[in-house]
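Q:
Residue numbers (the working numbering): 3 to 379.
Here is the structure:
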């Protein structure tokens, strides 16, 4: 009999211990109350840092690269020398044209001397001709001698005209040579490569003294003002996003949040992921920046005032519907709610009163169900 009493006492103690140590803790839940206030409704997306424009800078002509001392990440001002391409053949051609021009100028100088001599000869022949005219009138010379004098005079005059024409032709050649030299200098200028914008070098493709081909890319540059995050957002919520909406950007490599704004919305949705690309530009871009770095973007699309908001931990799904567990006395009841926006760890809802006492579900405790009796803090 004594042993039976002892066993009964032990069983009672075990049951009591189970009740105190297991049953009650498993049925005890924390509770919270809703908060009334304002909430910024946001949509979120994941994307990568990119740029509206990536400037690919290359050489128009082939040749050996010189003065190419650019490094990745370097900031370059507009107009700064990036590199020069060896243009020895052009320099030789310019020298050839200049030498030819000097020769022609020398020929013109010589022709001017010949022209002066021809003028003197013409004046002499003109005096002889005028004298022969008088002699012909006095019949001192024959008409044949007179014709010879006239021919010599005309030839002397034609000699001057011929020299003038030759000089004119050489001067035309000089004009052509000057045009050729000017064109060659323009080509030489194309062998000098300068930065078309101010920006950062994001990629260096070749090295100094390397032989490059026509139109080969040397570097890629990005203007910091063009940098953005190309984020992808579910089309079911992306329609609420507008150009100019303020956003926050969280980079994978930093805990800091950056301010940005929506600057472009791609009108074509991705037919596979059902997402839309929305580009968000930085207001305070971090330097240095890294293209293709992953970033999380939150875009504010609305401000809800004086609404009920709760911790997202309170949300549950029961029979496929969103809702929360409401405390009614010492029992719980599932209450369906409409989610109208998120802000961080808070969610704005409709369907409950501000006086509701909400039970926080806990995966380490009993699963809640309608009418379940609980203990609470």
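Note that the Cβ used here is the ideal one computed from N, Cα and C, for glycine as well. As the structure is a prediction and not an experimental result, all values here were calculated from the model.
Which one of 372, 57, 65, 41 has the shortest CA to CA distance from residue 216?
A: 65
Q: With hydrogens ignored, establish whether the beta-carbon of residue 146 is closer than 7 Å to any heavy atom of the ligand MN.
A: The ligand MN is absent from the structure shown, which contains no ligand whatsoever.
Q: Looking at the structure shown, is residue 246 part of a helix, part of a strand, or coil, going by DSSP?
A: coil
Q: With respect to the beta strand (DSSP E) encompassing residue 238, which residues constitute its N-terminal and C-terminal limits?
A: Per DSSP, residue 238 belongs to no beta strand (DSSP E); it is in the alpha helix (DSSP H), 237-240.
Q: Would residue 200 pass as a contact of residue 225 if the rule is Cβ separation under 8 Å?
A: yes
Q: Thinking just about the alpha-carbon of each residue, which of 107, 137, 74 is nearest to the one in residue 171?
A: 107
Q: For residue 52, tell me which candidate among 294, 358, 160, 298 has the shortest Cα-Cα distance.
A: Minimum Cα distance to residue 52 is reached at 294.
Q: Between which residues of its own chain and residue 232 is the CB-CB distance below 7 Å, once the five residues before and five after are set aside?
A: Within the same chain, residue 232 has close Cβ partners 49, 50, 52, 279, 281.
Q: Pull up the distance between the alpha-carbon of residue 166 and that of residue 160, whole angstroms please.
A: 10 Å
Q: Is it right to say residue 290 is buried, meaning 16 or more other beta carbons lie within 10 angstroms of its own, or is it exposed?
A: exposed
Q: Looking at the structure shown, is residue 328 part of a helix, part of a strand, or coil, going by DSSP?
A: strand
Q: If you drop the 5 nearest sequence neighbours on each side, which residues of the same chain put their C-beta closer than 7 Å to that of residue 28?
A: 367, 368
Q: Output yes or no for whether 8 Å exceeds the beta carbon distance between residue 318 and residue 363.
A: Yes. Within cutoff.
Q: State yes or no: is the C-beta of residue 359 within less than 8 Å of the C-beta of residue 351?
A: no
Q: How many Å lie between residue 88 and residue 72 at the Cα?
A: 17 Å
Q: In angstroms, rounded to a whole number, what distance separates the CA positions of residue 328 and residue 342?
A: 19 Å
Q: Return the Cβ separation of residue 223 and residue 208 in integer angstroms, given the expectation that the two are a contact with Cβ distance under 8 Å.
A: The Cβ separation is near 14 Å, so there is no contact.
Q: Per DSSP, what kind of secondary structure is residue 226 in: helix, strand or coil?
A: helix
Q: Any idea if residue 336 is buried or exposed, counting beta-carbon neighbours within 10 angstroms, 16 or more meaning buried?
A: buried
Q: Pairs of beta-carbons, one from the segment 148-156 and one from the segment 128-135, closer than 8 Å: are there three or more?
A: yes
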